[in-house]
Every structure is written in structure tokens, then in C-alpha cells.
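Residue numbers (full-length UniProt numbering): 1 to 286. Idealized CB from N, CA, C, for every residue including glycine.
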């Protein structure tokens, strides 16, 4: 019994020097403390403590504490303090855990919403890019089609213009040939008329010269010559009027026709002037 009491005392003494956490976390210190406490007493009795094991470690239930006992009261106080401290710590831990969980949930929700927002933005951006690309493609197609229509319209207009120009050229050629033919006929008519008038005038001058005196014959010759010139001027006026009418119809060849007409006029006039002079010379010789 003495040895058992020594072991109990050693266990209690060593346990009293350590906290519950130390007993739980550093059991080897507790074992070493017990061995050191009983080693000397055991050696006196020829005994040796080979090992110590802390197999069961638990709190004494509160009903076993006597509040009227100073030691129990102190133990109960420490137990109450430790229990309350642990409760507070547990509550703090629980609160911290709850806060951490809620913060984690909040962060997760925020991240989820952020990801959803990013996905929505990406979807909208992609849709916008698709719309923009589609609009650009449609614009290119519309521009291409408009260019094709413009080219087709230009080709059609060019073809119509060529047809019109060909028709105008043909009509102008027909009018030119017609005007040229009319001009030649008119010139021949004028020349024939002038030849006839000059012949008549020459005949009249010759008859007058034979029946009248030289002075009267000259006067009549001059008068006949004046009438011939007047007739020639009337013919010229008629011809110019006809030429002006034709010039209105063929404006594109008017300049050339006028030049040719003037040349013909000069030739005819020169011939007309030469013939009366010949007649006067003949009369003078007679």
C-alpha cells in the first residue's frame, strides 16, 4: 500500500504542475516527472519504475466537487473558468467559422456574379462583333451590287449612246447627201438661169444697137447691164435664202457648205461679169 500511495502522490504532484493542455500535448513530460518523483523512494526499497503510461485522461465530473472544500472549490473555479473560456473560444470559433463561411459564400457569390457578368459581357461583345461583321459584310455586298448595277447602267447608257450617235450620223449623212444634191441642182439652175438671162440681154443689146444710134444703144446697154446685175442680185438673194434654210437643217456641215457656196457664187459672178463685158466690147466694135 505504501508503494501505491507513493505512485498516487507522484501522479498527483506531477499533474498539479502541468496544465490540462500540457498533459494532453506533452505526455512524455508527465511520464518523466512521475519517474523523477518516485525514483529515489523506489530505489531505497530496491525497486525501479520501468515505464509510466497515461492511458486515460478525462475531466472529473462537477458533481464530485465539494464547493465547501477549499481544494474542490479551487478546482471547480478553475474548471468553471476553463469551461467558460472554452465556451467563449468555441463560440468565437463558431462565429468566426460562420463569418468565414458567409464571407466565403459572399466571395463565391460575388465571384460567381462577376463571372456571370463577364460571360454576359463576352456574349454581348461577341453578338456585337457578329452584328458588326454582318453589317460590314452586308455593306460590302450592297456596295458590290451597287457597283455592278452602276456598271450595267453605264454599259446600257453607252450602248444607247452609241446607237443614238450611229443613228444621228446616219441621219446627218442622209441630210448631207440630200442637201448636197439640192445644192448642186440649185447651182445648175442658177447657172442656167444666168446663162439664159445673159443671152437674152445680149440679144436685146444687139437688136437695140442696130436700131438706135450709138448713144442710145450704149444707154440701153448700160440699162440692160444694170438690170442684169439686179437680176443677178435677186438670184443671189434667192440662193442665199435657200442656203440659209438648208443651213438650219444641217448645222454640223453649215460652215463647209457656206464656203463651197461662196466659192460657187464668186465663180458664177466672175463668169457673169465677163460675159457682159464681152458683149459691150462686141457692141463697141460694131
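Secondary structure note for residue 23: its alpha helix (DSSP H) is the uninterrupted segment 20-25.
If one requires a minimum length of 4 residues, the alpha helix (DSSP H) runs lying completely within the UniProt domain "Band 7" (2-67) are 2-16, 20-25, 27-44, in chain order. For residue 263, the number of other beta carbons within 10 angstroms of its own is below 16, and it is reported as exposed. Non-local beta-carbon contacts of residue 120 in its own chain, meaning distances under 8 Å to residues more than five positions away in sequence, are absent. Here residue 38 is buried: its Cβ has 16 or more other Cβ atoms, across all protein chains shown, within 10 Å. Judged by DSSP in its simplified three-state form, residue 69 adopts coil rather than helix or strand. Between the alpha carbons of residue 42 and residue 51 lies a gap of roughly 13 Å.
Rounded to the nearest whole angstrom, the C-alpha separation of residue 48 and residue 96 is 51 Å. For residue 132, the number of other beta carbons within 10 angstroms of its own is below 16, and it is reported as exposed. By the C-beta density criterion, residue 237 is exposed, having fewer than 16 other C-beta atoms within 10 angstroms.
The stretch 53-63 makes contact with the stretch 18-30, as at least three CB pairs between them are under 8 Å.
The C-alpha of residue 166 is placed about 37 Å away from the C-alpha of residue 191. Around the C-beta of residue 168, fewer than 16 other C-beta atoms lie within 10 Å, and the residue is accordingly described as exposed. Taking a C-beta distance under 8 Å as the contact criterion, residue 34 and residue 11 qualify as a contact pair.
With a 10 Å radius around the Cβ and a threshold of 16 neighbouring Cβ atoms, residue 205 comes out buried.
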